[in-house]
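Visitor: Quick note: the sequence shown uses full-length UniProt numbering, first residue 1, plus one each step.
I'd like to ask you about the structure that follows.
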Amino acid sequence: MGKKKKRTVSEAEVEEKTEPELLGPKNEEEELVNGEPHKIQKHRKEKKKKKEKNENEAIEIPTVSIAVPGSIIDNAQSLELATRLAGQIARAATIFRIDEVVVFDNKSFPVEGLNTASNDISDEDESGAAFLIRILRYLETPQYLRKALFHWHNSLKFVGLLPPLDAPHHLRKHEWGPYREGVTLKERASNSVGSLVDVGLSKPVVVDQILEPGKRFTVVMGANRNLDTDLPHQVVSSSKPREEAGNYWGYRVRYAHNMSSVLKDCTYKGGYDHLIGTSEHGEIINSSDLTIPSFRHLLIAFGGLAGLEECVEEDNNLKGNNVRDVFHSYLNTCPSQGSRTIRTEEAIFISLQYFREPINRALFSKSTAP
Ligand SMILES: C[S@@+](CC[C@H](N)C(=O)[O-])C[C@H]1O[C@@H](n2cnc3c(N)ncnc32)[C@H](O)[C@@H]1O
């Protein structure tokens, strides 16, 4: 085998330089003397655009959403059982690293206020969807932030009985992590310009911006564990821990007033690009034989008592569509079931385990694609 030629520093540097830089200094006059100002500028612009595009592409991580009907709560016989049911969905979403839970209704018009960041839905006699949204959001919030972010509501009465999600962003007081979720405080630090944020440690930290009090943010903690320093911490998007460190950082919860709103009001850029419906009437494919195409935003939908077929039939915007027209695939994830019915909360666990390996294959094929 021939010896590889050792690259000198200057060769490597030359390779890394952009073409316009190699053409000479970025000096308008010289570019004009060379007679190619427009060409060079165009080239530079294209290069910049390409770089920006690559950066955007680099940070877009694929997401998996589940859609769950709020009506499953209406069928629970007591507040305690409804709470346990909501808790099971939160546990399933966390165990299987779900990015978004869409809670859907079967209404012609949306219920106001369910998609606001505030958890202050004050309706005492709330619908199943509103109840499920509240419990899912409450459980996803780190324990040390709940008091600041949630007002007392009767539907939270039994939430203390639920097993915690124990997600990576639910850090305990003695634990240190590169990121922490925090809530902004009203008080300001005396010797700093930024806001104070309670990140669940013995002291609040200062951040590098002035932020509205009472809001949740993701704070970069870094490696310096000294809380007495006035050095401000950075506030980042909640997707950063996932992008940078691959940490699961909880799910977000969205309300959709019907099935068509689940699909068309997707908040991810470009919408869901692969849709899967689940049903005992679905196609039977072994999990190991199932191919999910490479995706950016995958949605897996679950139905209520009467299944997804009814959700589609009763949706005026989907009238005339068969459930198989709505989803790219419609699958039975638990063939030869012994019980006549599999409840939605059971189907979520069964199905997410069934989809786990095909999803990983789809993600892997994306990451190794040329
Ligand atoms: C009580 S079941 C509804 C039963 C309904 N006949 C149906 O379409 O499956 C509630 C939900 O659980 C899920 N489910 C139940 N059995 C399933 C199965 N064998 N495979 C996949 N999903 C199932 C579906 O999402 C379904 O809408």
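Every residue gets a Cβ at the ideal spot worked out from N, C-alpha and C, and that includes glycine.
#1: Among ARG134, SER108, LYS107, which one has its Cα closest to the Cα of LEU114?
#2: Quick one: residues in its chain with C-beta nearer than 8 Å to the C-beta of PHE158, no 5 flanking neighbours on either side, listed in chain order?
#3: Decide if the segment 218-238 is in contact with the segment 171-185; the criterion is three or more beta carbon pairs, one per stretch, under 8 Å apart.
#4: From what residue to what residue does the alpha helix (DSSP H) around VAL323 run?
#5: Taking 7 Å as the line, does the beta carbon of GLU280 fall inside it for any heavy atom of ligand 1?
#6: Could you give the residue range of the beta strand (DSSP E) that holds SER261?
#7: Taking the beta strand (DSSP E) that GLU100 belongs to, which residues open and close that run?
#8: What's the gap between the Cα of GLY320 and the Cα of GLU313?
#9: How many angstroms separate the CA atom of ALA362 from the CA atom of THR63?
#10: Please determine whether the Cβ atom of ILE342 lies at a distance below 7 Å from any heavy atom of ligand 1.
#11: Just verifying my parser: in three-state terms, what is the DSSP assignment at SER329?
#12: Would you kindly work out how many angstroms separate the C-alpha atoms of PRO204 and GLU283, rounded to a whole number?
#13: Looking at C-alpha atoms only, which residue of SER336, ASN317, ILE348, LEU308 is the closest neighbour of ARG324?
#14: Closer than 6 Å by C-beta to LEU298: which residues in its own chain qualify, once you throw out the five before and the five after it? Chain order, please.
#15: With DSSP run on the structure shown, which of helix, strand or coil describes ARG97?
#16: Taking C-alpha atoms, which residue in LEU318, ASN286, ASN247 lies nearest to THR333?
#17: What separation, rounded to the nearest whole angstrom, lies between the Cα atoms of SER351 and LEU145?
#18: Keeping to the same chain, check which residues put their C-beta closer than 8 Å to that of ARG242; ignore five residues upstream and five downstream.
#19: Which whole runs of the alpha helix (DSSP H) in the segment 201-242 are 4 residues long or more, in chain order?
#20: Given this structure, state the Cα-to-Cα distance separating ILE98 from ALA306, to the nearest angstrom.
#21: Is the beta carbon of ASN258 sitting closer than 8 Å to the one on ASN106?
#22: State the beta-bridge partners of LEU298 as determined by DSSP.
#23: Can you tell me whether DSSP reads ARG134 as helix, strand or coil?
#24: How many whole angstroms separate the CB atoms of residue 380 and GLU212, which I take to be in contact at a CB cut-off of 8 Å?
#25: In the structure shown, what three-state DSSP assignment does THR184 receive?
#26: Give every residue of the same chain whose Cβ lies closer than 8 Å to the Cβ of LYS173, excluding the five residues on either side of it in the sequence, and list them in chain order.
#27: Hey, would you say the C-beta of CYS266 is under 7 Å away from at least one heavy atom of ligand 1?
Guide: The answer reads as follows:
#1: ARG134
#2: Listed in chain order, the non-local C-beta contacts of PHE158 below 8 Å within the same chain comprise LEU79, GLU80, THR83, ARG84, local neighbours out to five positions each way being set aside.
#3: yes
#4: 323-326
#5: Indeed, a heavy atom of ligand 1 lies less than 7 Å from the Cβ.
#6: No beta strand (DSSP E) holds SER261; the alpha helix (DSSP H) holding it covers 259-264.
#7: 100-104
#8: 8 Å
#9: 12 Å
#10: Because some heavy atom of ligand 1 lies under 7 Å away, the Cβ of ILE342 counts as near it: yes.
#11: strand
#12: Taking the straight line from one Cα to the other gives about 53 Å.
#13: LEU308
#14: VAL64, HIS274
#15: Three-state DSSP puts ARG97 in coil, outside helix and strand.
#16: Out of LEU318, ASN286, ASN247, ASN286 has the C-alpha closest to the C-alpha of THR333.
#17: Cα to Cα, the separation comes out at about 32 Å.
#18: ILE61, TYR248, TRP249
#19: For the segment 201-242, not one full-length alpha helix (DSSP H) segment reaches 4 residues or more.
#20: 24 Å
#21: yes
#22: Per DSSP, VAL64, HIS274.
#23: helix
#24: Since the first residue shown for the chain is 1 and the last is 370, residue 380 is missing from the structure and cannot be characterised.
#25: strand
#26: TYR144, GLY200, LEU201, SER202
#27: no
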